[in-house]
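Residue numbers (our numbering): 108 to 374.
For glycine and all other residues, C-beta sits at the position ideal for the given N, C-alpha and C.
Below is one structure, written out as structure tokens; comments come after it.
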């Protein structure tokens, strides 16, 4: 289960840089600069793995930006590029970056920083999820979103460009709705990240699955262009209900959304 994670910002002094190759050394980490990312990695990591991460990040950056037309004012260029730090292994990751011991990656969203280590099964899904968070928050604005929508966007991107793991759980969601075991959408919209940490595992599972299912419903039912318009109205100052109405007429508010959402998954 994906969670909102915090990390201490870890910066390194650049000692030497080779402009012709795009590779620099930062303390004991090697630095590779791409169009939109600065990747710092342990010298023991195979170049092929770093190349894979580089290509994956650049591909996801383009895909996520184009998916919902998330064009921002501050482009990821020069020193505004996102930074990826790759430790030698899990022990090095925990010692170097002070990330949570149960994590496979941790993220500083404001700083566009991702910390991780190699040879994990979930590398592509992790990068898809976290980059979607960063790009989406940059586009709409910090602090303007209900938690469920922020997480749902990241899950939708992860699901689309990885294994479809959330789509495979929608039958379970349909049963929840039929048995009135779902979380009401108004309650869903009021849950904060801190409150979610205190909920049961079952509640957290329903929270994430329902969040994903709402965005999935809106896109399947109304199309990506109208979803992009909805996000644009959120970005330009409309509250949630107003943006919903402008983007998905005749949906007027959260109550209308809930009725149509339930109907869609009860077919």
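{"Query": "Local Cβ density within 10 Å of residue 307, reported as buried at 16 or more and exposed below that", "Result": "exposed"}
{"Query": "Assigned exposure category for residue 147 - 16 Cβ within 10 Å defines buried", "Result": "buried"}
{"Query": "Any chain B beta carbon closer than 9 angstroms to residue 154", "Result": "No chain B appears in this structure, which consists of one protein chain only."}
{"Query": "Same chain, Cβ closer than 7 angstroms to residue 289, five either side skipped, listed in chain order", "Result": "283, 313, 317"}
{"Query": "When 311, 162, 348 are compared against residue 235, the one with the closest alpha-carbon", "Result": "162"}
{"Query": "Contact set for residue 244: own chain, Cβ-Cβ below 8 angstroms, skip 5 residues either direction", "Result": "216, 252, 257"}
{"Query": "Cβ-based neighbour list, residue 219, same chain, cut-off 7 angstroms, excluding 5 preceding and 5 following", "Result": "189, 190, 241"}
{"Query": "Option nearest residue 199 by Cα separation, candidates 267, 254, 152", "Result": "152"}
{"Query": "In DSSP terms, what residue 222 is bridged to", "Result": "192, 213"}
{"Query": "Presumed contact (8 angstroms Cβ cut-off) between residue 383 and residue 371, rounded CB distance", "Result": "Because residue 383 is not part of the residues shown, which for the chain are 108 to 374, the question remains open."}
{"Query": "6 angstroms Cβ shell around residue 265 - same chain, five flanking residues per side excluded", "Result": "232, 235, 236"}
{"Query": "Extent of the continuous alpha helix (DSSP H) to which residue 280 belongs", "Result": "277 to 285"}
{"Query": "Residue burial classification, residue 208 (beta-carbon count within 10 angstroms, cutoff 16)", "Result": "exposed"}
{"Query": "CA-to-CA distance, residue 159 to residue 136, given in whole angstroms", "Result": "18 angstroms"}
{"Query": "Of the listed residues 274, 174, 187, nearest to residue 145 (C-alpha basis)", "Result": "187"}
{"Query": "First and last residue of the uninterrupted alpha helix (DSSP H) at residue 365", "Result": "361 to 372"}
{"Query": "Opening and closing residue of the beta strand (DSSP E) in which residue 319 lies", "Result": "Element bounds for residue 319: not the beta strand (DSSP E) but the alpha helix (DSSP H), 308 to 329."}
{"Query": "Alpha-carbon to alpha-carbon, residue 224 and residue 197", "Result": "6 angstroms"}
{"Query": "Assigned secondary structure, residue 303 (DSSP; H/G/I helix, E/B strand, else coil)", "Result": "helix"}
{"Query": "Cβ-based neighbour list, residue 348, same chain, cut-off 6 angstroms, excluding 5 preceding and 5 following", "Result": "360"}
{"Query": "Residue interval of the alpha helix (DSSP H) (run including residue 234)", "Result": "230 to 247"}
{"Query": "Exposed unless 16 or more other CB atoms sit within 10 angstroms - verdict on residue 358", "Result": "buried"}
{"Query": "Own chain partners of residue 293 with C-beta closer than 7 angstroms, once the 5 adjacent residues on each side are dropped", "Result": "361"}
{"Query": "Per-residue burial, residue 247 [other beta carbons within 10 Å of its own, 16 or more giving buried]", "Result": "buried"}
{"Query": "Assumed close pair residue 167, residue 268 - CB separation to whole angstroms, cut-off 8 angstroms", "Result": "7 angstroms"}
{"Query": "Residue 139, DSSP secondary structure in three states", "Result": "strand"}
{"Query": "Residues of its chain near residue 260, where Cβ-Cβ distance is below 7 angstroms and the 5 sequence neighbours each way are ignored", "Result": "239, 243, 322"}
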